[in-house]
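Input: a single structure, listed below in structure tokens.
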Amino acid sequence: MTENTPSTQSARVVAATDGGPDGTRAVRFGAREAVRRGMPLHLVHVVPQDLYPVVEDRSLEIRGNEVLHAAVALAHEEEPDLTVTATLVAGSRVPSILNEIGPRDVVVLSSRGPNELSRIWTGSTTIGVAARAGCPVLVLPSRYDADRPPTGRVTAGLQRPDASEALLEVAFAEASRVGASLLLLHAWRLPSGYDDIITGRTEGDAWAAHMTAKLRDAVAGLRERHPEVPVETRAVHGQPARVLVDAAVGSDRLVIGKPAHGGFVHHLGGTARGVLREATCPVLVVPAHVAEAGTGTDADVSAGASA
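Under numbering that gives the first Met the number 0, the letters of the sequence shown match residues 0 to 306, in that order.
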């Protein structure tokens with residue numbers, strides 16, 4: 000354990016590893032992400048608490064430390080000069096990981112394949128941490144090749160362009176950090192029974208033009224502050240999660256926001272869940288107190304995570 004508590008320590012990249020192939024991917028990507036961000040790397044391995052009644056405690060501790068030692072060695076192999084710390088904890092995965100992170104951290108998790116029985120782990124851990132963390136969470140999809148060369152493109156989904164200043168700041172910072180262009184995307188769809196009234200008429204084109212103009216207005220100041228980032232703005236009619244996933248194919252990362260409900264960040268909406276399930280690039284989920292994702296409505300009109 001480090002001396003500082005998660006709430007008081009300096010910013011870190013925190014990667015959770017289970018000792019398997021997915022945990023290995025999280026460690027390797029986390030090491031690179033820590034270097035990109037100029038942060039140390041902190042590794043977390045959780046020994047399942049349910050094993051203690053049936054397995055001798057010392058054996059679990061020995062195995063857990065073996066997993067962590069291997070992860071530290073892998074991180075140093077990936078980035079030799081990186082500062083790496085590690086923590087072994089016992090308990091349920093989601094609360095144990097949440098207890099190890101602070102508001103200034105960035106968490107890296109790797110999801111598992113959609114056809115594997117272990118997808119249950121993805122649902123309970125990846126979704127659980129992303130929903131409840133008070134800091135950004137970067138999720139690597141199982142289909143993402145972490146060794147592929149960067150494509151130089153970041154995609155960001157915005158629910159309300161006029162109420163997404165902080166999320167836009169994050170998106171521009173991510174694009175600048177990795178030397179990428181930025182696609183800003185708003186997807187919209189009206190409730191069933193109303194959507195077909197407008198989409199087949201000129202009102203649909205007018206709405207798309209209106210939202211594209213709002214996107215351009217929202218990024219005017221950020222364009223000036225980040226002249227190194229080429230920006231494209233786009234408003235698209237369609238189911239938000241599908242639009243985002245399709246648009247982000249080949250991106251180096253996809254940035255989405257999540258809302259706070261009743262003053263607390265405690266769940267992901269259908270758009271975010273769909274994106275995390277289907278995305279083929281890393282997804283950065285940014286909490287509401289870091290990035291305002293706007294207020295939800297009965298209509299599914301968001302390309303962000305709050306729908």
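Note that the Cβ used here is the ideal one computed from N, Cα and C, for glycine as well.
Residues of its chain near residue i, where Cβ-Cβ distance is below 8 angstroms and the 5 sequence neighbours each way are ignored
i      : result
ASP327 : There is no way to answer for residue 327, as the model of the chain reaches only from 0 to 306.
SER110 : ASP21, THR121, THR125, VAL138, LEU139, PRO140, SER141 and LEU275
ARG35  : ARG176 and VAL177
LEU267 : ILE126, ALA129, ALA130, LYS257, LEU275, VAL284 and ALA304
VAL88  : VAL43, HIS44, VAL45, VAL46, SER95, ASN98 and GLU99
ASP80  : none
SER123 : ARG92 and VAL93
Same chain, Cβ closer than 6 angstroms to residue i, five either side skipped, listed in chain order
i      : result
GLU115 : Because the pLDDT of GLU115 is 47, which lies under 50, any placement of that residue in the model is unreliable, and the number read from its coordinates should be weighed accordingly. No residues qualify anywhere along the chain.
VAL26  : ALA14, THR16, ALA70, LEU73 and ALA74
ILE119 : Residue placement at ILE119 cannot be trusted, given a pLDDT of 40 that sits under 50; the coordinates are not used to answer.
ARG233 : LEU184
GLY90  : GLN48
GLY18  : VAL66
PRO102 : GLY133 and CYS134
GLU277 : VAL244
ARG11  : MET38, PRO39, HIS41 and ASP104
SER9   : none
GLY249 : THR150
GLU231 : LEU182
ARG57  : none
ARG241 : none
ARG307 : The requested residue 307 does not occur in the structure, where the chain is confined to residues 0 to 306.
Own chain residues within Cβ distance below 7 angstroms of residue i, not counting five before or after
i      : result
TYR143 : THR279, CYS280 and PRO281
PHE171 : LEU181, LEU221, HIS225 and VAL228
ARG272 : ILE126
ALA247 : THR154, LEU253, ALA278 and CYS280
GLU173 : VAL153, ARG252, VAL254 and LEU283
GLY63  : HIS44, VAL46 and LEU87
GLY262 : Low local confidence applies: a pLDDT of 41 at GLY262 is under 50, so the model's placement there is unreliable, and no value is given.
ARG24  : SER109, LEU139 and ALA145
HIS209 : none
Residues bridged to residue i (per DSSP)
i      : result
THR84  : HIS41
HIS185 : ALA234
GLY310 : Nothing about residue 310 can be reported from this structure: the residues present for the chain run from 0 to 306 only.
THR125 : Per DSSP, none; premise fails for THR125.
ALA155 : LEU183 and VAL254
LEU283 : LEU137 and VAL254
VAL105 : VAL12
Whole-angstrom C-beta distance between residue j and residue i, which should lie under 8 angstroms
i      : j      : result
VAL107 : GLU223 : Not really, about 32 angstroms apart at Cβ, beyond 8 angstroms.
VAL43  : THR82  : About 16 angstroms; that fails the 8 angstroms criterion.
GLU77  : ALA30  : 4 angstroms
VAL136 : VAL284 : 5 angstroms
VAL239 : THR270 : Strictly speaking, residue 239 in this sequence is Pro, with Val absent from that position. Yes, PRO239 and THR270 are in contact; Cβ-Cβ is about 5 angstroms, under 8 angstroms.
GLY156 : ILE255 : 5 angstroms
ALA145 : PHE28  : 5 angstroms
Any beta strand (DSSP E) of 3 or more consecutive residues that is wholly inside the stretch 210-273: 230-236 and 252-256
At least three beta-carbon pairs within less than 8 angstroms, the stretch 90-110 to the stretch 60-69: no
The stretch 208-217 / the stretch 157-173 touching (three or more Cβ pairs under 8 angstroms): yes
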